[in-house]
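> All residue numbers for the sequence shown refer to UniProt numbering, where the first residue is 1 and numbers rise by one. Just so you know, even glycine gets a beta-carbon here, dropped at the ideal spot from N, CA and C. Keep in mind it's a predicted model, so treat the numbers as computed, not measured.
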Amino acid sequence: MPAAPAPIVPGAPAPIVPAAPPAAAGGAVVANVTYNLARDYSGQNFFNGWDWYGSWDNLTLSNVWWVDQQTATQDQLAYINPAGNAILRVDNTTDVPDKGADTRRNTVRLTSHDFYDIGSLWVFDAKHVPYGCTVWPAFWTKGPVWPDNGEIDILEAVNLMTYNQMAIHTTEGCMLNNQAKMTGQLGAADCASNSGCTVKELKPNSYGDDFNNAGGGVWATKYDIDGIAIWFWSRADVPAELSGDDKVVDISKWGTPSAAFPVSPDCDITKFFTPQQLVIDIALCGVWAGPEGNYQQTCPGVCDVSGAGSPKFDKAWFEIQYVRAFTTGVVPTPTPTAASSAAASATVTGTQATAIAGGQHGQGSSSGAAGSATRGRSAGAVAVLLSVAAGMLFAIS
1 MPAAPAPIVP GAPAPIVPAA PPAAAGGAVV ANVTYNLARD YSGQNFFNGW
51 DWYGSWDNLT LSNVWWVDQQ TATQDQLAYI NPAGNAILRV DNTTDVPDKG
101 ADTRRNTVRL TSHDFYDIGS LWVFDAKHVP YGCTVWPAFW TKGPVWPDNG
151 EIDILEAVNL MTYNQMAIHT TEGCMLNNQA KMTGQLGAAD CASNSGCTVK
201 ELKPNSYGDD FNNAGGGVWA TKYDIDGIAI WFWSRADVPA ELSGDDKVVD
251 ISKWGTPSAA FPVSPDCDIT KFFTPQQLVI DIALCGVWAG PEGNYQQTCP
301 GVCDVSGAGS PKFDKAWFEI QYVRAFTTGV VPTPTPTAAS SAAASATVTG
351 TQATAIAGGQ HGQGSSSGAA GSATRGRSAG AVAVLLSVAA GMLFAIS
């Protein structure tokens, strides 16, 4: 069963619904094109405003322990480098003993305190992403209850894949229109399926060594009344307004997105998604990277995190220049509120983005192997999930 909803911080207002956009002739809604900076996770303040998971991975069944902030800082799994960029990495210094299914290597998962409503734009700028056999990194979003409140997978890949895979996950009733304009390649079109609605990135340098050797790149994700869209640019092609400190961005200049999930008669995005939290994590093995049928498409042998950490996990790290959240309308102002059991939070006033209690554990999904959707499954579903994984292997090409 999906986890219970995250409690709202006492005294915090409900997420603010933006004013209705202007209507064109005939009553058609005009999509927003400009967004104002609301949150900037960067520099020495990058780690402010995140919940640290602090537990084993009971979501994707990967062989990791997502450590708390104190451990991550002490063991240098999370820090700001001399360039002012955030580093999040897998422990590559510990000789981990083989304990079978209970073998776990330390890594990191962050979930934003803030929930961002319709009328939001998120920009993720990374110079390096985790890569290698067993490695499963992701930058994604989730609502308080999965899958009821939707999920957007912005960056997600496993093992030695050479491209990024984007996806959305919903409850029953959302089908992706195959006429949607995008530069990526549509895969599954049923957003309630195990894999969700998937899109393969066709632009070069979207993941792995190619991405890292090109100096990284930028993803921008629009979550608005007309649907969801994801743009990707390799470093040399990043728009000037995303390379600087612009407080306002205009998406009308960006061209066709890599992935598009527009509102349509087949799926009204506004009915399938609620305010979303941002998530950055690194998993190892698990239900997408781990099954032999998936693992052996790009890596030899079996998925194993035990033994020496180096050189196996020497490339398993994020270097993030910034994560920025933009909204339409008024730029919100943070106001302190009571702390939740997960983490202290801030309430955002204004339009579009409102923070409520820190995210709960046990929520989310996976767009890959098995299409597996374990991030929101209870322990009782594990056996069923693994059997599904055996029969629905994601094809890496």
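(1) Mind checking whether N63 and V305 have CB atoms under 8 Å apart?
(2) Taking the alpha-carbon positions, what's the T354 to L278 distance?
(3) Tell me the DSSP secondary structure of A188 in three-state form.
(4) Note down, in chain order, each residue of its chain lying with its Cβ closer than 7 Å to the Cβ of M182, except the 5 sequence neighbours on either side.
(5) Return the first residue and the last residue of the beta strand (DSSP E) that I269 is part of.
(6) So what does F232 bridge to, in DSSP terms?
(7) Would you call K253 buried or exposed, if buried means 16 or more other Cβ atoms sit within 10 Å of its Cβ?
(8) According to DSSP, simplified to helix, strand and coil, what is F115?
(9) Checking the sheet assignment: what are the DSSP bridge partners for R109?
(10) Assuming N36 is part of the beta strand (DSSP E), what are its boundary residues?
(11) Per the DSSP calculation, Q276 is bridged to which residue(s)?
(12) On the CB-based measure, 16 or more other CB atoms within 10 Å of its CB, does T93 come out buried or exposed?
(13) Kindly indicate which three-state DSSP category A289 falls into: helix, strand or coil?
(14) Select from T141, T162, M161 the residue whose C-alpha is nearest the C-alpha of I152.
(15) Could you tell me the distance, in whole angstroms, from the CA atom of A220 to the CA atom of I228?
(16) Nearest-angstrom Cα distance between D91 and F318?
(17) Terminal residues of the continuous beta strand (DSSP E) containing G240?
(18) Rounded to the nearest angstrom, what separates P262 and T274 at their Cα positions?
(19) Give me the Cβ distance between Q69 and W52, rounded to the nearest whole Å; I'm assuming they're in contact under 8 Å.
(20) Please check the pair L88 and F326, which I expect to be a contact at CB under 8 Å, by giving their CB distance rounded to whole angstroms.
(21) E201: buried (16+ other C-beta within 10 angstroms of its C-beta) or exposed?
(22) Give me, in chain order, the residues of the same chain whose beta-carbon lies closer than 7 Å to that of P82; leave out the 5 immediate sequence neighbours on both sides.
(23) Taking three-plus beta-carbon pairs below 8 Å as touching, is the segment 168–185 in contact with the segment 262–271?
(24) Just to confirm the assignment, what range does the beta strand (DSSP E) spanning F261 have?
(25) Look up V248 in the DSSP assignment and give the residues it is bridged to.
(26) Between which residues of its own chain and G84 is the CB-CB distance below 6 Å, once the five residues before and five after are set aside?
(27) How far does the beta strand (DSSP E) with D91 in it reach, from first residue to last?
(28) Going by alpha carbons, who is nearest to A180 out of S193, C197, G173, A192?
(29) Enumerate in chain order the residues of its own chain whose CB-to-CB distance from G54 is below 6 Å, with the five nearest sequence positions on each side excluded.
(30) Look at the alpha carbon of G293 and the alpha carbon of C303, and state the distance between them as a whole number of angstroms.
(31) What distance in whole Å lies between the Cβ atoms of T71 and Y79, which are believed to be in contact at a cut-off of 8 Å?
(32) Enumerated in chain order, which unbroken segments of the beta strand (DSSP E) with a length of 3 residues or greater are wholly contained in the segment 159–207?
(33) Taking the continuous beta strand (DSSP E) assigned at Q76, which residues delimit it?
(34) Using a threshold of 8 Å, state whether the C-beta atoms of Y41 and S120 are closer than that.
(35) Could you check if V248 is buried or exposed, using at least 16 other CB atoms within 10 Å of its CB as the buried criterion?
(36) Is the beta carbon of V123 sitting closer than 8 Å to the one on L242?
Let me spell this out:
(1) yes
(2) With a pLDDT of 32 at T354, under the threshold of 50, the modelled position of that residue is not reliable, and no figure is offered here.
(3) coil
(4) V199, T256, P257, S258, A259, A260
(5) From DSSP, I269 is part of no beta strand (DSSP E) but of the alpha helix (DSSP H) over 269–272.
(6) W219
(7) exposed
(8) Look at F115 here: in three-state DSSP terms it is strand.
(9) Answer is D281, bridged to R109.
(10) 34–42
(11) Y116
(12) exposed
(13) helix
(14) The shortest C-alpha separation from I152 is found at T141.
(15) 11 Å
(16) Cα to Cα, D91 sits roughly 12 Å from F318.
(17) Per the sequence presented here, residue 240 reads as Ala, with Gly not at that position. First-last for A240: 240–243, but that is the alpha helix (DSSP H), not the beta strand (DSSP E).
(18) 16 Å
(19) 4 Å
(20) That pair is no contact at about 22 Å.
(21) buried
(22) none
(23) Yes: the two stretches touch, three or more of their Cβ pairs being nearer than 8 Å.
(24) 259–262
(25) Per DSSP, N36.
(26) G43
(27) No beta strand (DSSP E) holds D91; DSSP gives it neither H nor E.
(28) C197
(29) D68.
(30) 11 Å
(31) Y79 to T71, Cβ: 12 Å. No contact.
(32) Unbroken beta strand (DSSP E) runs of no fewer than 3 residues, entirely contained in the segment 159–207, are found at 165–169, 197–200, following chain order.
(33) No beta strand (DSSP E) contains Q76, which DSSP labels as neither H nor E.
(34) no
(35) Per the 10 Å Cβ criterion, exposed.
(36) Less than 8 Å separates the beta-carbon of V123 from that of L242.
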